[in-house]
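Undergrad: If you count by the numbering used here, then the sequence shown holds residues 19 to 430, one letter each, in order.
Every residue gets a Cβ at the ideal spot worked out from N, C-alpha and C, and that includes glycine.
On a predicted model such as this, the values are computed, not experimentally measured, just so you know.
Here it is: the structure, laid out below.
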Amino acid sequence: MGYYAYLPSIILYGDPGFNTLANAQFDGVIPGYTGLEMYSETGHYLNKYNLGVALFALPFFLLAHALTWVLRAPPGSIPSWWAFQYAMDGYSPLYQHAAGLSGLFYFAFGCIVLRYFLSRYYSPRQVSAVILTMLAGTCWLDIGAGSSFGSHGVSVFLFALFLLIGDRWVQGSGSWRQTLSLGVILGAIALVRVPNVLILFVLALVPGNRWEGMAAHVRGLIQRISQFVIMGLVACAVFFPQLAFWKYGTGHWLVNSYGERGLPNLLSPALGEVLFSVNKGVFVWSPLLVLVLPGWFFMRGEVARWRVAVVVLLVVQWYVIASAAVWNAGACFGQRYFAEFQTIAAFPILALVNCGRYRKSLGWWILIASLWSLFLYKLYYTREISVYGLDREALYDVIWWRLEALRNWWLM
19 MGYYAYLPSI ILYGDPGFNT LANAQFDGVI PGYTGLEMYS ETGHYLNKYN LGVALFALPF
79 FLLAHALTWV LRAPPGSIPS WWAFQYAMDG YSPLYQHAAG LSGLFYFAFG CIVLRYFLSR
139 YYSPRQVSAV ILTMLAGTCW LDIGAGSSFG SHGVSVFLFA LFLLIGDRWV QGSGSWRQTL
199 SLGVILGAIA LVRVPNVLIL FVLALVPGNR WEGMAAHVRG LIQRISQFVI MGLVACAVFF
259 PQLAFWKYGT GHWLVNSYGE RGLPNLLSPA LGEVLFSVNK GVFVWSPLLV LVLPGWFFMR
319 GEVARWRVAV VVLLVVQWYV IASAAVWNAG ACFGQRYFAE FQTIAAFPIL ALVNCGRYRK
379 SLGWWILIAS LWSLFLYKLY YTREISVYGL DREALYDVIW WRLEALRNWW LM
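Set out below in C-alpha coordinates:
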(Lines of atoms letter the chains of each structure in order from A and count residues from 1; the text may use other names and numbers.)
(Lines give C-alpha, C1' and ligand atoms only; values in the text may rest on other atoms or scores of the structure.)
Protein backbone atom coordinates (compact mmCIF):
# COMPACT_ATOMS: atom_id res chain seq x y z
CA MET A 1 0.00 0.00 0.00
CA GLY A 2 2.72 2.45 0.94
CA TYR A 3 4.99 1.76 -2.02
CA TYR A 4 2.03 1.92 -4.36
CA ALA A 5 0.39 5.09 -2.98
CA TYR A 6 2.73 7.33 -4.98
CA LEU A 7 1.22 6.21 -8.30
CA PRO A 8 -2.49 7.07 -7.87
CA SER A 9 -1.69 10.10 -5.72
CA ILE A 10 0.58 11.69 -8.34
CA ILE A 11 -0.71 10.32 -11.67
CA LEU A 12 -4.45 10.43 -10.97
CA TYR A 13 -4.81 13.14 -8.32
CA GLY A 14 -1.71 15.31 -8.85
CA ASP A 15 -1.14 15.53 -5.09
CA PRO A 16 2.32 14.66 -3.71
CA GLY A 17 0.99 15.17 -0.18
CA PHE A 18 -1.47 12.23 -0.45
CA ASN A 19 -4.38 14.30 0.96
CA THR A 20 -6.58 13.85 -2.12
CA LEU A 21 -5.86 10.12 -2.07
CA ALA A 22 -6.95 10.03 1.57
CA ASN A 23 -10.32 11.59 0.70
CA ALA A 24 -10.85 9.50 -2.44
CA GLN A 25 -9.88 6.06 -1.12
CA PHE A 26 -9.72 6.10 2.67
CA ASP A 27 -12.68 8.23 3.86
CA GLY A 28 -10.39 11.14 4.68
CA VAL A 29 -7.75 9.43 6.82
CA ILE A 30 -5.12 7.02 5.51
CA PRO A 31 -4.64 4.20 8.07
CA GLY A 32 -1.24 3.82 9.67
CA TYR A 33 -0.70 0.23 8.46
CA THR A 34 -0.11 1.60 4.95
CA GLY A 35 3.10 3.30 6.08
CA LEU A 36 1.68 6.81 5.58
CA GLU A 37 1.36 9.12 8.57
CA MET A 38 0.02 12.65 8.80
CA TYR A 39 2.76 15.21 9.49
CA SER A 40 1.15 17.88 11.65
CA GLU A 41 3.61 20.66 10.77
CA THR A 42 2.66 20.66 7.08
CA GLY A 43 -0.73 18.96 6.97
CA HIS A 44 0.62 16.44 4.44
CA TYR A 45 1.36 12.76 4.75
CA LEU A 46 4.86 11.34 5.18
CA ASN A 47 5.30 8.04 3.37
CA LYS A 48 7.84 5.91 5.19
CA TYR A 49 8.41 3.89 2.00
CA ASN A 50 10.65 5.28 -0.71
CA LEU A 51 9.57 6.36 -4.17
CA GLY A 52 11.73 3.93 -6.17
CA VAL A 53 9.40 0.92 -6.31
CA ALA A 54 6.60 3.10 -7.66
CA LEU A 55 8.86 4.57 -10.35
CA PHE A 56 9.81 1.11 -11.57
CA ALA A 57 6.13 0.11 -11.59
CA LEU A 58 5.07 3.26 -13.47
CA PRO A 59 5.01 1.69 -16.99
CA PHE A 60 2.83 -1.15 -15.69
CA PHE A 61 0.52 1.34 -13.94
CA LEU A 62 0.08 3.36 -17.12
CA LEU A 63 -0.63 0.20 -19.12
CA ALA A 64 -3.25 -0.86 -16.56
CA HIS A 65 -4.78 2.62 -16.69
CA ALA A 66 -5.02 2.45 -20.48
CA LEU A 67 -6.51 -1.07 -20.45
CA THR A 68 -9.03 -0.10 -17.79
CA TRP A 69 -10.15 2.78 -20.03
CA VAL A 70 -10.33 0.59 -23.16
CA LEU A 71 -12.34 -2.11 -21.38
CA ARG A 72 -14.99 0.32 -20.13
CA ALA A 73 -17.83 0.04 -22.66
CA PRO A 74 -20.02 3.14 -23.04
CA PRO A 75 -23.53 2.69 -21.57
CA GLY A 76 -25.85 0.96 -24.05
CA SER A 77 -23.06 0.02 -26.44
CA ILE A 78 -23.44 -3.18 -28.41
CA PRO A 79 -21.66 -5.50 -28.01
CA SER A 80 -20.44 -4.98 -24.46
CA TRP A 81 -19.30 -8.55 -23.68
CA TRP A 82 -15.69 -7.43 -23.50
CA ALA A 83 -16.35 -4.65 -20.96
CA PHE A 84 -15.25 -4.97 -17.33
CA GLN A 85 -16.48 -1.57 -16.14
CA TYR A 86 -13.67 -1.31 -13.60
CA ALA A 87 -13.17 2.02 -11.84
CA MET A 88 -10.26 4.13 -13.08
CA ASP A 89 -9.19 4.88 -9.53
CA GLY A 90 -5.81 3.15 -9.39
CA TYR A 91 -7.06 0.31 -7.16
CA SER A 92 -9.42 -1.75 -9.31
CA PRO A 93 -8.27 -5.26 -10.39
CA LEU A 94 -6.18 -4.40 -13.47
CA TYR A 95 -4.10 -1.92 -11.46
CA GLN A 96 -3.51 -4.50 -8.75
CA HIS A 97 -2.47 -7.19 -11.22
CA ALA A 98 -0.16 -4.73 -12.98
CA ALA A 99 1.54 -3.90 -9.67
CA GLY A 100 2.15 -7.56 -8.88
CA LEU A 101 3.38 -8.31 -12.39
CA SER A 102 5.81 -5.39 -12.25
CA GLY A 103 7.56 -6.92 -9.23
CA LEU A 104 7.62 -10.34 -10.87
CA PHE A 105 9.08 -8.83 -14.05
CA TYR A 106 11.97 -7.03 -12.34
CA PHE A 107 12.82 -9.99 -10.12
CA ALA A 108 12.81 -12.41 -13.07
CA PHE A 109 14.91 -9.97 -15.12
CA GLY A 110 17.27 -9.69 -12.16
CA CYS A 111 17.75 -13.47 -12.15
CA ILE A 112 18.58 -13.31 -15.87
CA VAL A 113 21.14 -10.54 -15.33
CA LEU A 114 22.62 -12.41 -12.35
CA ARG A 115 22.94 -15.58 -14.43
CA TYR A 116 24.71 -13.63 -17.19
CA PHE A 117 27.10 -12.09 -14.66
CA LEU A 118 27.93 -15.28 -12.75
CA SER A 119 28.42 -17.20 -16.02
CA ARG A 120 31.64 -15.22 -16.41
CA TYR A 121 33.07 -17.33 -13.56
CA TYR A 122 31.13 -20.61 -13.65
CA SER A 123 29.37 -22.72 -16.25
CA PRO A 124 25.90 -21.42 -17.21
CA ARG A 125 24.42 -24.81 -16.25
CA GLN A 126 25.82 -24.57 -12.72
CA VAL A 127 24.65 -20.99 -12.37
CA SER A 128 21.13 -21.84 -13.55
CA ALA A 129 20.97 -24.76 -11.11
CA VAL A 130 22.05 -22.60 -8.17
CA ILE A 131 19.59 -19.80 -9.00
CA LEU A 132 16.73 -22.31 -9.29
CA THR A 133 17.83 -23.89 -6.01
CA MET A 134 17.84 -20.48 -4.33
CA LEU A 135 14.30 -19.93 -5.61
CA ALA A 136 13.13 -23.10 -3.89
CA GLY A 137 15.33 -22.90 -0.81
CA THR A 138 15.21 -19.24 0.23
CA CYS A 139 12.79 -16.31 0.43
CA TRP A 140 13.31 -15.52 -3.25
CA LEU A 141 10.13 -17.29 -4.36
CA ASP A 142 8.12 -15.12 -1.98
CA ILE A 143 9.70 -11.75 -2.78
CA GLY A 144 9.65 -12.52 -6.52
CA ALA A 145 6.22 -14.04 -7.00
CA GLY A 146 4.26 -14.29 -3.76
CA SER A 147 4.63 -10.77 -2.36
CA SER A 148 6.15 -9.31 -5.48
CA PHE A 149 5.20 -5.64 -5.10
CA GLY A 150 7.92 -4.46 -2.75
CA SER A 151 11.50 -3.29 -2.63
CA HIS A 152 13.38 -6.59 -2.52
CA GLY A 153 12.49 -8.00 -5.94
CA VAL A 154 13.46 -4.73 -7.64
CA SER A 155 16.62 -4.62 -5.51
CA VAL A 156 17.68 -8.07 -6.73
CA PHE A 157 17.55 -6.68 -10.27
CA LEU A 158 19.50 -3.53 -9.34
CA PHE A 159 22.11 -5.50 -7.36
CA ALA A 160 22.69 -7.89 -10.26
CA LEU A 161 23.08 -4.95 -12.65
CA PHE A 162 25.48 -3.17 -10.28
CA LEU A 163 27.61 -6.31 -9.89
CA LEU A 164 27.78 -6.80 -13.66
CA ILE A 165 28.81 -3.24 -14.54
CA GLY A 166 30.84 -2.72 -11.36
CA ASP A 167 32.97 -5.76 -12.13
CA ARG A 168 33.74 -4.41 -15.58
CA TRP A 169 34.49 -0.98 -14.12
CA VAL A 170 36.97 -2.45 -11.63
CA GLN A 171 38.67 -4.72 -14.16
CA GLY A 172 39.05 -2.01 -16.78
CA SER A 173 40.12 1.59 -16.59
CA GLY A 174 36.61 2.62 -15.63
CA SER A 175 35.07 4.28 -18.68
CA TRP A 176 32.92 7.35 -18.15
CA ARG A 177 29.95 5.49 -19.60
CA GLN A 178 30.33 2.80 -16.93
CA THR A 179 30.84 5.48 -14.27
CA LEU A 180 27.61 7.25 -15.23
CA SER A 181 25.75 3.93 -15.36
CA LEU A 182 26.96 2.99 -11.89
CA GLY A 183 25.88 6.40 -10.59
CA VAL A 184 22.38 5.94 -12.01
CA ILE A 185 22.11 2.40 -10.60
CA LEU A 186 23.42 3.45 -7.19
CA GLY A 187 20.92 6.32 -7.06
CA ALA A 188 18.12 3.93 -8.04
CA ILE A 189 19.22 1.47 -5.34
CA ALA A 190 18.97 4.24 -2.72
CA LEU A 191 15.67 5.40 -4.18
CA VAL A 192 14.27 1.90 -3.68
CA ARG A 193 15.89 1.11 -0.31
CA VAL A 194 18.48 3.43 1.27
CA PRO A 195 20.42 0.83 3.37
CA ASN A 196 21.23 -1.07 0.19
CA VAL A 197 23.86 1.49 -0.79
CA LEU A 198 26.16 -0.91 1.06
CA ILE A 199 26.64 -2.53 -2.35
CA LEU A 200 29.12 0.28 -3.04
CA PHE A 201 31.62 -1.83 -1.06
CA VAL A 202 31.97 -3.96 -4.19
CA LEU A 203 33.95 -1.25 -5.96
CA ALA A 204 36.19 -0.74 -2.94
CA LEU A 205 36.82 -4.39 -2.05
CA VAL A 206 37.05 -6.26 -5.37
CA PRO A 207 40.51 -5.94 -6.98
CA GLY A 208 40.83 -5.79 -10.74
CA ASN A 209 42.46 -9.22 -10.91
CA ARG A 210 43.46 -12.01 -8.54
CA TRP A 211 47.14 -10.97 -8.53
CA GLU A 212 46.46 -7.37 -7.53
CA GLY A 213 46.89 -6.75 -3.81
CA MET A 214 44.45 -4.68 -1.82
CA ALA A 215 46.98 -1.88 -1.35
CA ALA A 216 47.51 -1.58 -5.10
CA HIS A 217 43.75 -1.71 -5.63
CA VAL A 218 43.21 1.16 -3.17
CA ARG A 219 45.88 3.24 -4.92
CA GLY A 220 44.08 2.65 -8.20
CA LEU A 221 40.79 3.79 -6.67
CA ILE A 222 42.43 7.00 -5.42
CA GLN A 223 43.52 7.73 -8.97
CA ARG A 224 39.88 7.43 -10.02
CA ILE A 225 38.63 9.90 -7.43
CA SER A 226 37.14 12.14 -10.13
CA GLN A 227 35.02 9.23 -11.35
CA PHE A 228 33.76 8.60 -7.82
CA VAL A 229 32.77 12.26 -7.56
CA ILE A 230 30.82 12.08 -10.83
CA MET A 231 29.26 8.79 -9.74
CA GLY A 232 28.16 10.35 -6.46
CA LEU A 233 26.71 13.45 -8.14
CA VAL A 234 24.72 11.33 -10.58
CA ALA A 235 23.45 9.13 -7.73
CA CYS A 236 22.37 12.23 -5.79
CA ALA A 237 20.54 13.57 -8.86
CA VAL A 238 18.65 10.29 -9.24
CA PHE A 239 17.80 10.31 -5.52
CA PHE A 240 16.66 13.95 -5.55
CA PRO A 241 12.93 13.20 -6.16
CA GLN A 242 12.85 11.41 -2.81
CA LEU A 243 14.35 14.47 -1.12
CA ALA A 244 11.71 16.62 -2.79
CA PHE A 245 8.93 14.41 -1.42
CA TRP A 246 10.37 14.60 2.07
CA LYS A 247 10.67 18.38 1.80
CA TYR A 248 7.07 18.74 0.60
CA GLY A 249 5.66 16.39 3.20
CA THR A 250 7.63 17.47 6.26
CA GLY A 251 9.41 20.72 5.45
CA HIS A 252 12.79 18.98 5.84
CA TRP A 253 15.13 17.71 3.14
CA LEU A 254 16.43 14.78 5.17
CA VAL A 255 14.00 12.60 7.09
CA ASN A 256 14.24 9.31 8.97
CA SER A 257 10.93 8.07 7.59
CA TYR A 258 11.06 4.85 9.60
CA GLY A 259 11.47 6.69 12.90
CA GLU A 260 11.86 4.32 15.85
CA ARG A 261 11.42 1.35 13.49
CA GLY A 262 14.82 2.04 11.95
CA LEU A 263 18.06 0.85 13.59
CA PRO A 264 17.64 1.52 17.34
CA ASN A 265 19.65 -1.51 18.48
CA LEU A 266 23.10 -0.74 17.06
CA LEU A 267 24.67 -1.36 20.48
CA SER A 268 22.64 -4.49 21.25
CA PRO A 269 22.06 -6.29 17.93
CA ALA A 270 20.15 -9.57 17.80
CA LEU A 271 22.96 -11.35 15.95
CA GLY A 272 22.17 -14.88 17.10
CA GLU A 273 18.43 -14.50 16.52
CA VAL A 274 18.87 -13.35 12.93
CA LEU A 275 20.70 -16.58 12.08
CA PHE A 276 19.20 -19.22 14.37
CA SER A 277 15.81 -18.08 15.67
CA VAL A 278 12.76 -20.18 14.82
CA ASN A 279 11.13 -16.83 14.12
CA LYS A 280 12.61 -16.08 10.66
CA GLY A 281 16.21 -17.09 11.43
CA VAL A 282 18.17 -17.35 8.19
CA PHE A 283 19.58 -20.83 8.77
CA VAL A 284 16.27 -22.15 10.13
CA TRP A 285 13.99 -20.95 7.33
CA SER A 286 16.60 -21.16 4.56
CA PRO A 287 19.15 -23.83 5.61
CA LEU A 288 20.44 -23.81 2.03
CA LEU A 289 22.34 -20.64 2.92
CA VAL A 290 24.49 -22.58 5.40
CA LEU A 291 26.51 -23.50 2.30
CA VAL A 292 27.81 -19.94 2.16
CA LEU A 293 30.11 -20.65 5.13
CA PRO A 294 32.14 -23.59 3.73
CA GLY A 295 31.74 -22.29 0.18
CA TRP A 296 33.67 -19.14 1.02
CA PHE A 297 36.83 -21.20 1.55
CA PHE A 298 36.46 -22.74 -1.92
CA MET A 299 36.42 -19.37 -3.71
CA ARG A 300 39.66 -19.81 -5.62
CA GLY A 301 41.20 -18.76 -8.88
CA GLU A 302 39.65 -15.69 -10.49
CA VAL A 303 36.73 -15.82 -8.03
CA ALA A 304 39.11 -15.37 -5.08
CA ARG A 305 39.22 -11.63 -5.65
CA TRP A 306 35.57 -11.49 -4.51
CA ARG A 307 36.27 -13.12 -1.14
CA VAL A 308 36.77 -9.92 0.87
CA ALA A 309 33.71 -8.23 -0.64
CA VAL A 310 31.52 -11.27 0.03
CA VAL A 311 32.42 -11.57 3.69
CA VAL A 312 32.30 -7.82 4.38
CA LEU A 313 28.95 -7.25 2.67
CA LEU A 314 27.24 -10.25 4.25
CA VAL A 315 28.61 -9.55 7.74
CA VAL A 316 27.74 -5.84 7.59
CA GLN A 317 24.22 -6.61 6.36
CA TRP A 318 23.85 -9.21 9.11
CA TYR A 319 24.74 -6.54 11.68
CA VAL A 320 22.34 -4.01 10.09
CA ILE A 321 19.47 -6.51 10.18
CA ALA A 322 20.26 -7.48 13.77
CA SER A 323 20.17 -3.78 14.75
CA ALA A 324 16.72 -3.20 13.25
CA ALA A 325 13.68 -2.71 15.47
CA VAL A 326 11.93 -5.49 13.53
CA TRP A 327 14.87 -7.79 12.85
CA ASN A 328 12.60 -10.68 11.82
CA ALA A 329 11.42 -8.65 8.78
CA GLY A 330 7.75 -8.44 9.78
CA ALA A 331 5.00 -10.07 7.71
CA CYS A 332 6.86 -12.07 5.09
CA PHE A 333 8.38 -15.45 4.36
CA GLY A 334 11.73 -15.89 6.06
CA GLN A 335 14.47 -13.29 6.32
CA ARG A 336 13.66 -11.05 3.35
CA TYR A 337 16.19 -8.41 4.43
CA PHE A 338 18.89 -10.73 3.08
CA ALA A 339 17.12 -11.22 -0.27
CA GLU A 340 19.11 -8.85 -2.48
CA PHE A 341 22.38 -9.75 -0.73
CA GLN A 342 21.87 -13.35 -1.82
CA THR A 343 23.15 -12.20 -5.20
CA ILE A 344 26.53 -11.97 -3.42
CA ALA A 345 25.96 -15.19 -1.48
CA ALA A 346 25.64 -17.05 -4.79
CA PHE A 347 29.43 -16.82 -5.20
CA PRO A 348 30.42 -19.14 -2.32
CA ILE A 349 27.52 -21.50 -3.04
CA LEU A 350 28.67 -21.84 -6.63
CA ALA A 351 32.26 -22.35 -5.48
CA LEU A 352 31.12 -25.29 -3.36
CA VAL A 353 28.97 -26.73 -6.15
CA ASN A 354 31.92 -26.41 -8.53
CA CYS A 355 34.06 -28.54 -6.20
CA GLY A 356 33.42 -32.18 -7.12
CA ARG A 357 34.89 -33.59 -3.91
CA TYR A 358 31.70 -33.31 -1.85
CA ARG A 359 29.15 -33.43 -4.65
CA LYS A 360 27.08 -36.35 -3.30
CA SER A 361 26.71 -35.06 0.26
CA LEU A 362 26.17 -31.55 -1.09
CA GLY A 363 23.37 -32.81 -3.32
CA TRP A 364 21.61 -34.40 -0.35
CA TRP A 365 21.92 -31.20 1.70
CA ILE A 366 20.50 -29.10 -1.16
CA LEU A 367 17.59 -31.51 -1.59
CA ILE A 368 16.73 -31.65 2.12
CA ALA A 369 17.15 -27.87 2.58
CA SER A 370 14.96 -27.11 -0.43
CA LEU A 371 12.23 -29.54 0.68
CA TRP A 372 12.25 -27.99 4.16
CA SER A 373 11.85 -24.48 2.75
CA LEU A 374 9.08 -25.65 0.42
CA PHE A 375 7.36 -27.27 3.40
CA LEU A 376 7.49 -23.91 5.21
CA TYR A 377 6.15 -22.24 2.07
CA LYS A 378 3.18 -24.61 2.18
CA LEU A 379 2.51 -23.77 5.83
CA TYR A 380 2.95 -20.06 5.16
CA TYR A 381 0.67 -19.77 2.14
CA THR A 382 -2.07 -21.91 3.65
CA ARG A 383 -1.74 -19.73 6.78
CA GLU A 384 -1.15 -22.73 8.99
CA ILE A 385 1.61 -20.57 10.44
CA SER A 386 1.49 -16.83 10.92
CA VAL A 387 2.92 -14.42 8.37
CA TYR A 388 4.84 -12.97 11.31
CA GLY A 389 6.79 -16.16 11.85
CA LEU A 390 7.00 -19.15 14.15
CA ASP A 391 7.71 -19.91 17.76
CA ARG A 392 8.91 -23.22 19.17
CA GLU A 393 5.43 -24.31 20.22
CA ALA A 394 3.97 -23.65 16.77
CA LEU A 395 6.84 -25.50 15.09
CA TYR A 396 6.30 -28.48 17.39
CA ASP A 397 2.57 -28.52 16.62
CA VAL A 398 2.85 -28.43 12.83
CA ILE A 399 5.36 -31.28 12.85
CA TRP A 400 3.88 -33.39 15.65
CA TRP A 401 0.41 -33.90 14.23
CA ARG A 402 1.88 -34.82 10.84
CA LEU A 403 4.12 -37.43 12.44
CA GLU A 404 1.14 -38.74 14.39
CA ALA A 405 -0.97 -38.96 11.24
CA LEU A 406 1.86 -40.77 9.43
CA ARG A 407 2.28 -43.23 12.32
CA ASN A 408 -1.45 -43.96 12.45
CA TRP A 409 -1.59 -44.49 8.70
CA TRP A 410 1.36 -46.87 8.88
CA LEU A 411 -0.14 -48.90 11.72
CA MET A 412 -3.42 -49.22 9.86
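1. Under the rule that 16 or more other beta-carbon atoms within 10 Å means buried, what is alanine 233, buried or exposed?
2. Alpha carbon to alpha carbon, how far is serine 404 from proline 225?
3. I need the DSSP call for leucine 307, collapsed to helix, strand or coil.
4. First and last residue of the beta strand (DSSP E) that includes tyrosine 63?
5. Let me know if tryptophan 345 comes out buried or exposed under the rule of 16 or more other beta-carbons within 10 Å of its beta-carbon.
6. Helix, strand or coil: which one does DSSP assign to serine 295?
7. For arginine 211, count neighbouring Cβ atoms within 10 angstroms of its own Cβ and tell me buried if that reaches 16, exposed if not.
8. Sorted by chain position, which residues of the same chain lie with C-beta nearer than 7 Å to leucine 368's C-beta, five sequence neighbours on each side aside?
9. Going by beta carbon distance, what residues of the same chain come within less than 6 Å of leucine 153, once the five residues before and after it are set aside?
10. With DSSP as the reference, please indicate the residues paired to glycine 407 in a beta bridge.
11. Could you tell me whether the Cβ atoms of glutamine 189 and asparagine 227 are closer together than 8 Å?
12. Which ranges does the alpha helix (DSSP H) cover as unbroken runs of at least 4 residues, wholly within the segment 352 to 423, from first to last along the chain?
13. To the nearest angstrom, how far is it from the Cα of tryptophan 418 to the Cα of methionine 430?
14. Quick one: what does DSSP say methionine 317 is sitting in, helix, strand or coil?
15. Skipping 5 residues on each side, what residues in its chain have a beta carbon closer than 6 Å to that of phenylalanine 102?
16. Any chance you could list the alpha helix (DSSP H) runs of at least 4 consecutive residues sitting entirely within the segment 207 to 231, in chain order?
17. Starting from the C-beta of tryptophan 187, find all residues in its chain whose C-beta is less than 8 Å away, skip the five residues before and the five after it, and write them out in chain order.
18. Under a Cβ-count criterion, where at least 16 other Cβ atoms within 10 Å of its own Cβ denotes burial, should leucine 421 be classed as buried or exposed?
19. Please report the distance separating the alpha-carbon of valine 292 from that of lysine 66.
20. Can you look up tyrosine 57 in the DSSP assignment and give me helix, strand or coil?
21. Nearest-angstrom Cα distance between serine 304 and glycine 61?
22. Looking at leucine 54 and glycine 32, is the spacing between their C-beta atoms short of 8 Å?
23. In whole angstroms, what separates the C-alpha of glycine 184 from that of methionine 249?
24. At 4 residues or longer, what runs of the alpha helix (DSSP H) sit wholly inside the segment 74 to 150?
25. Is the beta carbon of leucine 182 less than 8 Å from the beta carbon of leucine 204?
TA: Let's see:
1. exposed
2. C-alpha separation (whole angstroms): 44 Å.
3. helix
4. 62 to 65
5. buried
6. coil
7. buried
8. Leu136, Tyr140, Gln144, Val145, Val148
9. Leu159
10. Ser404
11. yes
12. The DSSP assignment places complete alpha helix (DSSP H) segments of no fewer than 4 residues inside the segment 352 to 423 at 360 to 372, 377 to 399, in order along the chain.
13. 18 Å
14. Per DSSP, reduced to three states, the secondary structure at methionine 317 is coil, with no helix or strand assignment.
15. Leu89
16. 219 to 223
17. Ser193, Gln196, Thr197, Leu200, Leu221
18. exposed
19. 23 Å
20. strand
21. If I take the Cα positions, the gap works out to 44 Å.
22. no
23. Take the alpha-carbon of glycine 184 and the one of methionine 249: they are about 12 Å apart.
24. Whole alpha helix (DSSP H) segments, 4+ residues: 111 to 136.
25. Not in contact: leucine 182 and leucine 204 (Cβ atoms no closer than 8 Å).
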